[in-house]
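Chemist: Residue numbers (my numbering): 115 to 1075.
Below is one structure. I have some questions about it.
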Amino acid sequence: MKHIGKTALASAIGLALSCGATAATLEQYKMGTQSVKDLLAGKEAKGSIVKDQAQGIPSSYYVVLKQAGLQDLRSADPASIKAASASIADSVQSVTSALFTLDRDAQVLATTKNLASGLVVRASASALQQLQANPAVASVYPVYDSKPMAVDSAVYMKADAVVKAGIASGKGITVAVLDTGIDYTHKALGGAGTVEAYNAVDPRVQPTWPQGKVLGGYDFVNIDPNPIDPRSGGHGTFVASSVNAIAPDVDFYGYTVCAANCPGAAQIGALDAALDPNDDGDISDRVDVINMSLGSDVGTTDATSGTQFLIQKAATLGINMVISAGNDGPNPFIVGGPSTTPNALSVGAMTHPTGASVIFEANDIAGNKIDMIPSAFNTVSEFSFNSTANQLVFVSANAQGCTAFAAGSLTGKAVLIDRGTCNFTTKVINAQNAGAAFVLIANNAAGLGPVSAGGSDPAVAIPSVGISKEDGDAIKAALANGDVTYSIVAKSISSAGGLATFTSRGPSIEGLLKPEITAPGTNIVMAAVGTGDKTALNSGTSFSGPMTAGATALLREAMPNRTAQEVKATLMNTADMEVYTLPKAHPDTELAPISAMGAGLVNVDKAVKLPVAAWVDDAKFNTAQAALSFGLNTLTETTTLTKTVTLKNFGTEPKTYSLSIQDRFANDTETGALSWVIPETVTVAPGQSTKFDVTVTIDPTKLPEWELANTSELTEKNAQLTTVEYDGALIFNDATTDAVNDLHLVYHILPRANAALELSSRFIDNTSVKVVKNTGAVEADIFATQLVGTSEKDESNPYDLRAASLDVVQVPTTYCTSGLLLAPTLTLENGLSHIQQVNVGVDLDIDDDGKYDHQLNSLLLTRLGANFAAFPAVMGTFVTPYGDYSGSVRELFHSVGQRSVTLAACFEDIGLSAADLGRTIGTRYRTINDGSAIGADWGPELNDSIEAEAELVSAPTVTLT
């Protein structure tokens, strides 16, 4: 950690994207985007974070010991393994004793010995900091909780052809399901298939293994030896049956790690157990595939949480980690962790291949075309309603439709209902019971577009659609003036070929391509827990992930000579790239971007026939990925980037491929911004590997204007990312086959043109003046800021803090009641794709007594609870008393790719007033290499810091000539 004193400099030149003055103003910091305050639109800008919940606060800590885990003794004899196990137990006990000496209230939640030797604990910040210095301890990682996230699909993924041809069925392959448990009594999973068998299970008693297809397991939530899925769960049984639908002969291990949420300690216990299921110290029986249909949004590639640390290790030991990408929709960078762990396979979702989708031939209400989404629980896909036959009404006394409407009050009518408070199905059933024929559900937050209403209930008998808040408000206003004319006509089309509307979009916040592949994830038929032999429909990446795990199992059986990483590459190399944003039959569909679909739809039949595999070794992320993932590049001049591709031949004949680049979208090609250098052909001998370079040169002057920003509205963000990213594929073509794409590596680049300012001094007419020169690729508007501290460049620091500045900005009293906004800016060495990559913060010593009084932290707004749920992936400044977790939400100014981050606090938030102008306060600017951290008081190690005394003054005015 660095402690840098105040420098002698008084001002610096700041760079903004869009401004027109030479002294810092609020509009300049906004850089042409709307503010967080505008986004909240009148909501109470206050909130609290509760520790030990799945809100990004560590629920526990994983203390990893220096002593090697049993995985390092794979070739040892039984006696050596037994001795090592005893030695690990002694080390764990020694560190446990040391911990209790430091904190007698500490708790040990779990211990591990296979993937790594260690213990999962809860303890005070001071105890954890002192424990880090224990000579037996290697690292202390935060542990975060998560949330729990098919025959036709087997045909769609071309898995049935592999099974029917006898190539593979999953026989001899073991899959660990880390979820709510498994109902091993269900017929689909080899059980007795009766309700009585399920009811006879004592969930506290270990069953006699195996039970049907389930070979063993453990409940790491309730700490008992029986992983039976409770009726209050069911998710794990859904998941296991989804795997089984693709690979019918796989065997399972069931590990309970989820209930209402998925404690990180339970996940760590299960990951370690999966390496040695029979717990005999010999890890040769480790599972082949682990499925995790769980996570949280805006995941990181940084494997410095306890769970991701073990996921990364498990994959290097030959286990295929298949993890769902999340159900948070087409929001840039929202793809969920831990699927963003570099070695894991992150799986998105597509529409059902044989299902029906809906297009609207008429969607006119009050003279306007209204965007609408049919509810997932509709029992019909074609319907027609109009104002002549079905009067449209809004019942303000029961606006959310969560209580019963008067009997018969809605007979034959279409009713508008607001989102919120109760389930979507409840709203529709309440309207239906009052005689309604049709329901429109209006979203409850602006900027999010139409609501996508999910859920299921067999009592639903009438159709419904979701619309936006803006359209709902307009309809209410029109109804206030009388009856409203409307016409809605829905027609059915095939749902095949499209991305699911809920599937989370990438890339990861660090720029690595995630998700990496897709599979069906809507209207999947799965085994229903506790029913014996019954099934149920459900949707989500929770189920596209297990289907991909099943596909992985087929490849593991069919290709036993390929490593886990090579199997992952084979799946990505052969995925079907014909994936669309909407079902293929939809008139408005277009190709899906790579950051939403990864390499494409799983194609098992093509994969098992591929004699080669191609990938790129990526040292930055410590992984080998079957993609050319270039990430974010902020460019001030024409720049060349190079990746080295490995092509490995597993066959007995040499293979030669011609190579070509295929851009995903014509408008990218038309810019002329990218030029590629690749070999014309590549040949690889049997049983050998070869390497070749792929080079792309980017001219930033030809790139499109960058509009993607932190506070862009959701529907705008999705289109903005598609506009600025460049994507496509490197195509390998074997002239001896009929295919035009024998295999491929998708590519993805986020190139941003930027200005570059050089500041120098010169004497003109005997007067010293500053000269600012822009040597970059785009125009720059400049303004002055008060520079309070600098730091030397540190090449080893991924979030190297280089400068700190502080301004006081005059704002309207409607913005801050004091009329004054404190705007501290941190400038890093490198640009950020998303602020969640790192915790950016400023600690303030207002009374200059040597103790911090307030703190400003970057924060995902959704972590503050339901009041902020409508703003996924949006960052704000969380202003609190130092060490507190309740406070005010204020601006955070940052544009994707920029080096500078400006936090904000109204004077009244931090105990200041206009009378304090001109005073000096103590400051500490800091970065923490954990985007989920909330300040430094609870113990995380600072990544970098600058300490300085700073004056509360407006930025200096600079005259430009």
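Built from N, CA and C at the ideal position, the CB exists for glycine as well.
Is Ala-663 closer than 8 Å to Val-403 when the C-beta atoms are compared?
Modeler: Yes, they are a contact pair.
Chemist: Thinking C-alpha only, which one of Asn-457, Gln-776 and Arg-236 is nearest Ala-740?
Modeler: For Ala-740, the nearest C-alpha among the options comes from Asn-457.
Chemist: Closest to Asp-585 by C-alpha separation, out of Val-574, Ile-576, Tyr-600 and Asp-571, would be which residue?
Modeler: Of Val-574, Ile-576, Tyr-600 and Asp-571, the residue nearest in Cα terms is Tyr-600.
Chemist: My understanding is that Phe-334 touches Tyr-312, with C-beta atoms under 8 Å, so please give their C-beta distance in whole angstroms.
Modeler: That pair is no contact at about 21 Å.
Chemist: Start and end of the beta strand (DSSP E) containing Gly-635?
Modeler: Element bounds for Gly-635: n/a, residue is neither H nor E.
Chemist: Let me know if Gln-185 comes out buried or exposed under the rule of 16 or more other beta-carbons within 10 Å of its beta-carbon.
Modeler: Its Cβ being crowded by 16 or more others within 10 Å, Gln-185 is buried.
Chemist: Under the assumption that Asp-411 contacts Pro-986 (Cβ atoms under 8 Å), give the Cβ distance between them as a whole number of angstroms.
Modeler: With 8 Å as the limit, Asp-411 and Pro-986 qualify as a contact, their Cβ atoms being about 6 Å apart.
Chemist: Following the continuous beta strand (DSSP E) through Asn-512, name the residue where it begins and the one where it ends.
Modeler: Taken as a continuous stretch (DSSP letters only), Asn-512 belongs to no beta strand (DSSP E), as it is neither H nor E.
Chemist: How should Asn-482 be labelled, buried or exposed, when 16 other C-beta atoms within 10 angstroms of its C-beta is the threshold for buried?
Modeler: Classification for Asn-482: exposed.
Chemist: Taking Cβ positions, are Ala-490 and Gly-568 nearer each other than 8 Å?
Modeler: Cβ atoms of Ala-490 and Gly-568: closer than 8 Å.
Chemist: Compare the beta carbon distance of Thr-809 and Val-796 with 8 Å and say whether it is the shorter of the two.
Modeler: Result no, Cβ atoms of Thr-809 and Val-796 do not sit closer than 8 Å.
Chemist: Go ahead and pull the three-state DSSP assignment for Arg-916.
Modeler: DSSP places Arg-916 in strand when its eight states are reduced to three.
Chemist: On the DSSP letters alone, give me the boundaries of the alpha helix (DSSP H) that Asn-781 sits inside.
Modeler: Run containing Asn-781: 780–785, per the alpha helix (DSSP H) assignment.
Chemist: Are the CB atoms of Asn-557 and Lys-583 within a distance shorter than 8 Å?
Modeler: A contact, by the Cβ cut-off of 8 Å.
Chemist: Around the Cβ of Arg-318, are there at least 16 other Cβ atoms within 10 angstroms (buried) or fewer (exposed)?
Modeler: It counts as exposed.
Chemist: Please classify Tyr-312: does DSSP put it in a helix, a strand, or coil?
Modeler: Here Tyr-312 sits in helix by DSSP.
Chemist: Nearest CA to the CA of Gly-842: which residue from Ser-743, Val-579, Pro-995 and Thr-308?
Modeler: Checked all of Ser-743, Val-579, Pro-995 and Thr-308; the closest Cα to Gly-842 is Ser-743.
Chemist: Looking only at its chain, what residues have a beta carbon closer than 7 Å to the beta carbon of Gln-802, apart from the 5 residues adjacent to it on each side?
Modeler: Hits under 7 Å: Asn-763.
Chemist: In this structure, does DSSP put Asn-1057 in helix, strand or coil?
Modeler: Residue state, collapsed to three classes: coil.
Chemist: Under three-state DSSP, which class holds Phe-1021?
Modeler: Three-state result, Phe-1021: helix.
Chemist: How would you label Val-886, buried or exposed, when you count the other beta carbons within 10 angstroms and need 16 or more for buried?
Modeler: Classification for Val-886: exposed.
Chemist: Assuming contact is defined by CB atoms lying nearer than 8 Å, are Leu-715 and Asp-731 in contact in what I supplied?
Modeler: Result no, Cβ atoms of Leu-715 and Asp-731 do not sit closer than 8 Å.
Chemist: For Gly-945 versus Gln-1012, is the C-beta spacing smaller than 8 Å?
Modeler: Yes, these two residues count as a Cβ contact at 8 Å.
Chemist: Along the chain, where does the alpha helix (DSSP H) containing Gly-586 start, and where does it finish?
Modeler: Gly-586 -> alpha helix (DSSP H) spans 583–593.
Chemist: State the Cα-Cα distance for the pair Lys-227 and Pro-446, rounded to the nearest angstrom.
Modeler: Using only the alpha carbons, I get a separation of about 38 Å.
Chemist: In the DSSP output, which residue or residues are listed as bridge partners for Glu-1063?
Modeler: DSSP lists Gly-1036 as partners of Glu-1063.
Chemist: Using CA atoms only, rank isn't needed, just tell me which of Ser-173, Thr-288 and Val-315 is closest to Gly-330.
Modeler: The candidate whose alpha carbon is nearest that of Gly-330 is Thr-288.
Chemist: Expressed to the nearest angstrom, what Euclidean distance is found between the alpha-carbon atoms of Lys-884 and Glu-906?
Modeler: For Lys-884 and Glu-906, the distance between alpha carbons rounds to 23 Å.
Chemist: Counting only the same chain and skipping the five closest in sequence on each side, list residues whose C-beta sits under 8 Å from that of Asn-832.
Modeler: Here the set comprises Pro-444, Asn-445, Pro-446 and Arg-619.
Chemist: Going straight from the alpha carbon of Ala-1076 to that of Thr-617, what length do you get?
Modeler: Nothing can be reported for residue 1076: it is not among the residues displayed for the chain, which extend from 115 to 1075.
Chemist: Where does Ala-135 fall in DSSP's three states?
Modeler: A caution first: Ala-135 carries a pLDDT of 36, below 50, which makes its placement in the model too unreliable to give a value.
Chemist: Which residues bound the alpha helix (DSSP H) around His-968?
Modeler: It is not in any alpha helix (DSSP H) - His-968 instead sits in the beta strand (DSSP E) that spans 968–974.
Chemist: Taking the alpha carbon of Pro-912 as the reference point, which residue from Phe-735, Ile-896, Glu-1063 and Val-923 has its own alpha carbon closest?
Modeler: The residue with the shortest Cα to Cα distance from Pro-912 is Phe-735.
Chemist: If you drop the 5 nearest sequence neighbours on each side, which residues of the same chain put their C-beta closer than 6 Å to that of Thr-737?
Modeler: Once the five neighbours on either side are set aside, the close Cβ partners of Thr-737 are Pro-456 and Asn-457.
Chemist: To which residues of the same chain is Ser-882 closer than 8 Å at the C-beta, ignoring the five residues directly before and after it?
Modeler: Cβ neighbours of Ser-882 beyond the five flanking positions: Ser-875 and Arg-876.
Chemist: Out of Tyr-996, Ser-460, Thr-351 and Thr-493, state which residue places its alpha-carbon closest to the alpha-carbon of Ala-575.
Modeler: It is Thr-493.
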